[in-house]
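So for the sequence shown, this note's numbering puts the first residue at 509; every next one is plus one.
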Amino acid sequence: MKDTGCIYILTNPSFPEYVKIGYATNLENRLKQLNRSETIPYAFRAYAIYEVDKALTDKELHKLIDKLNPELRAIDEFDGKPRVKEFYAMTKEAAYELLECIAKISGTTDRLKKVKPEGHEIEDEQIAQEIKETARRGPFNFGECGIPVGAELVYVEDASIKVKVLDDRHIEYQGETTSLSRLAQSLKGFNHPVQGTLWFTYNGEILSDLRDRLGK
């Protein structure tokens, strides 16, 4: 009996510069196994699969990538020993193109499929990008964006929710001092951090748009 399964391309918003390429007889079970860890902020998700008949096919693909560019594979050292992993410093599109070339050469393009992302996966990627952008640009500063102390900000999803600016970093909501990100996270019911400037407006303009317009 053949060991049928698929070569997968997985992505993770926690480290968007890498893709994971491997083999699984049951992708759903493999994802569950990978996503049990609580040390990674976001879950792995499948970007594409290529159905194959032999379990060793992914190893051959690894060899091919290593031949093309040995610098792409993630290799580190632990306890004096090298650890070679299935992670590659390449875009998901580049990884897909490799599989696409193989599929075309072998006449098996019908076995190659992209996986449509689910709603929460799209949201995770957006949030991860927001956090990365915030880290790059630094915290939002009300004063630098021309928002004075005492100004009123309005929550995007409910205009009845209004907050008052206390200083360059903090706001007041229902008598309590907090931050945009912390309040937005609470209002959205998320367990992960969010970019607060996406969820509040000043004079009708979303704060993130205001910041972009001012180049701050």
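Positions of the beta carbon are idealized from the N, C-alpha and C atoms, including for glycine.
In this text the structure is predicted, and so the values were computed from the model without any measurement.
| message | Output needed for I669: all residues of its chain with C-beta closer than 6 Å, excluding positions within five of it in sequence on either side, in chain order. | response | Y663
| message | Here's a check: name, in chain order, each residue in its chain whose Cβ is nearer than 8 Å to the Cβ of N452, leaving out the five neighbours to either side. | response | The shown model of the chain, from 509 to 724, leaves out residue 452, and the question about it has no answer.
| query | Leaving out the 5 sequence neighbours to the left and right, which residues in its chain are closer than 8 Å to G658 when beta-carbon positions are compared? | reply | K672, V673
| message | Can you look up M509 in the DSSP assignment and give me helix, strand or coil? | response | Low local confidence applies: a pLDDT of 39 at M509 is under 50, so the model's placement there is unreliable, with the coordinate-based value given in what follows. M509: coil per DSSP, three-state reduction.
| task | Using three-state DSSP, classify L620 as helix, strand or coil. | result | strand
| request: Determine the burial state of P521: buried for a count of at least 16 other Cβ atoms within 10 Å of its Cβ, exposed for fewer. | output: buried
| Burial state of W707, where buried means 16 or more other Cβ atoms lie within 10 Å | buried
| request: Give the straight-line distance between the Cα atoms of I655 and V702, rounded to the nearest whole angstrom. | output: 21 Å
| request: For M509, count neighbouring Cβ atoms within 10 angstroms of its own Cβ and tell me buried if that reaches 16, exposed if not. | output: With a pLDDT of 39 at M509, under the threshold of 50, the modelled position of that residue is not reliable, and the figure given next carries that caveat. Classification of M509: exposed, given that the 10 Å Cβ count is below 16.
| query | Would you say L607 and Y558 are within 8 Å of each other, going by their C-beta atoms? | reply | yes
| request: Drop a sphere of 10 angstroms on the beta-carbon of A667, count the other beta-carbons inside from all chains shown, and report buried for 16 or more, exposed for fewer. | output: exposed
| task | State the CB to CB distance for the pair K612 and A556, rounded to an integer number of angstroms; the pair is presumed to be in contact (CB under 8 Å). | result | About 14 Å separates the two Cβ atoms, so there is no contact after all.
| Could you give the uninterrupted runs of the alpha helix (DSSP H) lying entirely in the segment 644 to 716, keeping only those of 4 residues or more? | 688 to 696
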